[in-house]
Amino acid sequence: MKALERHRKLTAIWASEEGFKGWFSTVNHNDLGRMFLFTAFIFFIIGGLLAMLIRVQLATPHSAFAGPEIYNQIFTMHGTVMMFLFAIPTFEGLAIYLLPKMLGSRDLAFPRLTAYGFWCYAFGGSMLIVAMLFGIAPDGGWFMYPPLTSAIHSPGINTDFWLIGITFVEISAIAAAVEITVSVLKYRAPGMSLDKMPIFAWYALITALMILTGFPPLILGSVLLELERAFGLPFFQADLGGDSLLWQHLFWLFGHPEVYIIFLPAAGVISTVLPVMCRTTLLGYGWIVSAAVALAFLSFGLWVHHMFTTGIPHMGLAFFSAASTLVAVPTGLQIFAWIGTMWKGRPEMHLPMLHILGFFFTFVIGGLTGVMVAVVPFDWQAHDTAFITAHLHYVLFGGFVFPIFAGIYYWLPHFTGQKRFFYLGQLAFALVFIGFHVTFLAMHWVGLLGQRRRISSYAPEDGWTAINLISSVGSFILAIGIALILIDVLLHIFTAHRGRRNPWNAPSLEWAMITPAPAYTFASLPHITRRDPLHAEPDLAVRLARGEGYLGTPRNNWRETLCVDIASGKPEMHVIYPTNTRLPIVMSAVTGLFFLSLLLKFYWTVPLALAGVAFLAWRWVWRLGHGHDPEMQPCGHGISLPNAATVERSPGWWGSAFLLTANATFFAALLFGFVFLWTVAPGWPPPEWFAPSVTELGTGVIGALVAPLALGHAIRVNRQGGAPFPSVIIALLGIVALGLACGALMWRAPAPTDHAYGATLLVLGGYGVFHATVAALMGGFLAAQIRQGYTSATRRAAFAIVRLWITYTSLTGLFILLAAHLPGLIP
Amino acid sequence: MLIGAAGIFGLVMVLVGLAFRRKDTIDGDGQQVRLWIIGFGLVFPALVLGALLLYGLTIGERLSPRAGANVVQVTAEARRWEWRFTYSDAPALETTGVLHIPAGLPVDIAITTADVIHSFWVPRLAGKLDAIPGHTNTLRLEADRPGTFQGVSAEFSGAGYDAFAFRVIAHDKAAWAAFLQGQLE
């Protein structure tokens, strides 16, 4: 087969539908990555316009531009849009677009999940923007501290938009994180062992794992606060056994890792782009990976440094102050590794390099002011002033926006082509750089003079007038610079020439294809033996197009790829992807209906929407079923691999495992909240304790023990070719018993609106009932598959996945029942 | 701290700048790793940060309230948008928007709130400390001379946040005694 014929055949298999209809049914990472990035930049522009409004407001004293009611919405939305709708989705979009190309795979692990995540993001983000257009946007500051955001002090719908809209958007973050984790671990080119992975993939993996463990506390906090607002469950009300500090702990348990979730992908871009700009290799690959891992761990140990002024004992502060300064070590290590890389090579002044220099200058300042505020007595003064606002912009703009601009200019030839317009890019960089520093150096200064953050006006006597005006002028220079960058990119998209392949002479795989990338990504999959495959074999792209790699022959209209062993990169299984479908967009619309019903308090549509999601999820998985045992598939280079449905650890199993990791973090945060309220909150003990019941506890415990054992038995029977159906039914009965015990806990919990104790028991019971329902649905699904002949001794992947969920449900169910019943049973 | 930070910043920028001078590319990473990663990346920040941390903790410990004789006890209760102050030496007194303290004596301020979170901040006298529903936080401060000091609430509290300020008046011995007897206006 000629290269061109292969190209035509593969394109026919992988292409999305023609025209705009294709947007709604595509599941291809090439489309979705671009859609993510495009949408994120729309939100970046919106967030930027809001920033301009803030600077207009503060440019002069006693400003009459906007009253506090509007101004509070503006700055709350600026922070919210930039953090949740720009920064995180930009990482997701970049990773979705680049990872399969860098890893030598044809797509991500779960293409339909990519699409589902995108639509949840687009719908959830739009909800917030619509709220803003109607003037009912959130106005409590982007970290939404209760009791200011409780129903008593913020009765409007504004806060609900934040809690519900952001939770909707977080679904997409969790989906993308599961996707990225499994893709990096399993969907790589044969031979690419972990130590041969491109450095960006390491950063993406670490970031994704951080999203899985960092976002659940925020989702929990949002759920609890919304429950308080909608139904009066007093989790954050001090007089009813709640504590507003619980929100701060949950929020910053998310919020600090969030900073590194934003920084690490940008560091990944620098580690990728910088060595290419310097014509050398990255110094200390292993050290940098270790530093990133260390950052990930440390970042979970310093959330309290956002709470230095809340009256935490000084010993506690000392611990978190130490952790906060310690985190500068792995950051510094990366910076010096990059400088060492520059010394090692010969840096060339291309546009991406300019933005990297902008990063160095800005981020180092941001890091140093960060160390300053980690010093407790300094923070007692600087906290909640413009100094902090300036510091965080140095970190985020320096540590994220400059690297992303470097990345955009670096990968632009991949999307469009290359052309230079009269140094437009250089001019834009100069304006951005100057504008940024004028704006935010001035803001440091005015913060040290005592200007608080979030004020909407100040008096001439305060002496801040000139500095604020300078800062506002700087911000407009910055805005013009960013506008020029956008214009430059648009000009590229519409006019640039097709350049030669791999214009930077980069070593990584994403350049081993025609650009813009074809729908099928690689015509055949490479075999990797080194970390710099394109330097090892400069003609790799041509050889892959000729079909000399794996899976070089299109067949059966299949979208095919390979999975490898995690550590060694040895080919392990053969995967056939699902094709174009509108299922993801429909499912996220129904998910949106669920959130919208909660927001508008149309509670009768909530169960409808939930049933709709369950129905669609059922179809989603059902379509993957095989009616017959799939054969071993020849995959090229003389290897034959089993289908993913016939292995013990299928992609679905890995996806479930990582989704449950996030879920377990959510559950752990919930237990932490329970213990925190019990021990720290004022207003305990509650007026009434839960009456324990040996019958309920016994029923639940027996159910929780029986279910996983029975399913394990089903797996053994199935493997030996027997009939697993009866054991699956017994497992189902066990789950139902556990669900009933949790339901009884909800039913009998002391009045949940009277005290946070009863409210927490209600939520714990609800968690158990919800998971029992999900596990029962999955068990029912498995039973239906067995009945329809969709399983066999060979087609066994579904069993392992269901066992994972049932075991998780049983374990958490045991915790819940013991936490509720045991304190009353112990004399 | 500022000078140290400026010094480190200057050092990093010089190192970045020097990377651009003409030179041959270097093969072999071993020595480079020792210099850049272990030297600059690990040892250097560890030393600087260790010293800074120790300094911060010592100061912080000194600023923390400690039991002792002669500590004046007052209560500050915040609500949107005013502060109310009461005095344990004169239980009948309550002032709004103005806190009276004696100069030259340590004062413990018990900070609480009646509604949302606020923060008590008198920049000239002490760092800030939050007023959190259901909790009482104690801030130690001392004015070394009589005078008036501006204070603000430093935690965003909604529409009236801009103007949410108060004053602290430090009295000499005689004026303080007069205040406690309710003879001061």
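Sequence lines, in order, name chains C and F. For the first sequence, my numbering gives the first residue as 1, with consecutive numbering after it. For the second sequence, my numbering gives the first residue as 1001, with consecutive numbering after it. For every residue, glycine included, the Cβ atom is placed at its ideal position computed from N, Cα and C.
Three-way DSSP call (helix, strand, coil) for residue i in this model
| i | result |
| --- | --- |
| P413(C) | helix |
| D1130(F) | strand |
| N643(C) | strand |
| M573(C) | strand |
| N1137(F) | strand |
| G1151(F) | strand |
| H350(C) | coil |
| Q1073(F) | strand |
| R1062(F) | helix |
| Q1032(F) | helix |
| A662(C) | helix |
| I566(C) | coil |
| R543(C) | helix |
| R1022(F) | coil |
| R619(C) | helix |
| A1078(F) | strand |
| P100(C) | helix |
Proximal chain F residues relative to residue i, where beta-carbon distance stays under 7 Å
| i | result |
| --- | --- |
| E69(C) | A1159 |
| I365(C) | F1009 |
| V376(C) | G1056, G1060 |
| P347(C) | A1019, F1020 |
Chain F residues whose Cβ lies nearer than 8 Å to that of residue i
| i | result |
| --- | --- |
| Q788(C) | In chain order: nothing, as chain F lies at least about 57 Å away. |
| G141(C) | F1156 |
Span of the alpha helix (DSSP H), counted from its first residue to its last, around residue i
| i | result |
| --- | --- |
| N72(C) | 68-80 |
| L250(C) | 244-277 |
| F236(C) | Here F236(C) belongs to no alpha helix (DSSP H), and DSSP marks it neither H nor E. |
| A776(C) | 756-787 |
| H393(C) | 386-396 |
| C847(C) | Residue coverage of chain C in this structure runs from 1 to 827, which leaves residue 847(C) outside it and unanswerable. |
| V446(C) | 424-448 |
| A3(C) | 3-14 |
| A1165(F) | A1165(F) -> not in any alpha helix (DSSP H); beta strand (DSSP E) instead, spanning 1165-1171. |
| E548(C) | First-last for E548(C): undefined, no H or E at that position. |
| G703(C) | 694-719 |
| W343(C) | 328-344 |
| Y296(C) | Going by the sequence as given, residue 296(C) is Ala instead of Tyr. It spans 285-299 - the alpha helix (DSSP H) in which A296(C) sits, taken as one unbroken run. |
Boundaries of the beta strand (DSSP E) in which residue i is found, first to last residue
| i | result |
| --- | --- |
| I1109(F) | 1107-1113 |
| W1083(F) | 1082-1087 |
| L1093(F) | 1090-1096 |
| W1121(F) | 1118-1121 |
| R501(C) | Careful: R501(C) lies outside any beta strand (DSSP E) and carries neither H nor E. |
Interface partners of residue i on chain C, CB under 8 Å
| i | result |
| --- | --- |
| I1109(F) | The contacting residues do not exist; I1109(F) stays about 12 Å from chain C at best. |
| N1137(F) | T310, G311 |
| A1046(F) | V329 |
Chain F contact residues for residue i, given Cβ-Cβ distances below 9 Å
| i | result |
| --- | --- |
| D384(C) | S1119, W1121, K1128, A1154, E1155, F1156 |
| D243(C) | I1132, P1133, G1134, H1135 |
Rounded distance between the beta-carbons of residue j and residue i, thought under 8 Å
| i | j | result |
| --- | --- | --- |
| D160(C) | L599(C) | 6 Å |
| F781(C) | W618(C) | 6 Å |
| K1023(F) | H383(C) | About 45 Å separates the two Cβ atoms, so there is no contact after all. |
| V273(C) | Y97(C) | 15 Å between Cβ atoms; not a contact. |
| A749(C) | I806(C) | Actually they are not in contact, since the Cβ atoms of A749(C) and I806(C) sit about 25 Å apart, beyond 8 Å. |
Chain C residues whose Cβ lies nearer than 9 Å to that of residue i
| i | result |
| --- | --- |
| I1037(F) | L283, G284, W287, I288, A291, L333, F336, A337, G340 |
Interface residues of chain C facing residue i [CB-CB closer than 7 Å]
| i | result |
| --- | --- |
| L1015(F) | I339 |
request  = Residues of the region 311-342 of chain C with a CB closer than 8 Å to any CB of chain F: list them in chain order, please.
outcome  = G311, H314, L317, A318, S321, A322, T325, L326, A328, V329, G332, L333, Q334, I335, F336, A337, I339, G340, M342
key: Interface residues of the region 201-230 of chain C facing chain F [CB-CB below 9 Å]   = none
task = Taking only beta carbons into account, state which residues of the region 451-466 of chain C come closer than 7 Å to chain F, listed in chain order.
result = R452, R454, I455, S456, S457
Members of the region 1118-1129 of chain F that neighbour chain C once the beta carbon cut-off is set at 9 Å = S1119, W1121, P1123, A1126, G1127, K1128, L1129
inquiry  = Under 8 Å, CB to CB, which of the residues in the region 658-689 of chain C have a partner in chain F?
reply    = A681, P682, G683
inquiry  = By the 9 Å beta-carbon criterion, what residues does the region 1161-1176 of chain F contribute toward chain C?
reply    = Y1161, D1162, A1163
query = What residues from the region 146-165 of chain C come within 7 Å of chain F, judged by C-beta to C-beta, listed N to C?
reply = P147, L148, H153
task = Select from the region 1086-1117 of chain F all residues with a C-beta closer than 7 Å to any C-beta belonging to chain C, and list them in chain order.
result = D1115, V1116, I1117
request  = With 8 Å as the limit, tell me which residues of the region 1053-1074 of chain F have their beta carbon closer than that to any beta carbon of chain C; keep them in chain order.
outcome  = L1053, Y1055, G1056, L1057, I1059, G1060, E1061, L1063, S1064
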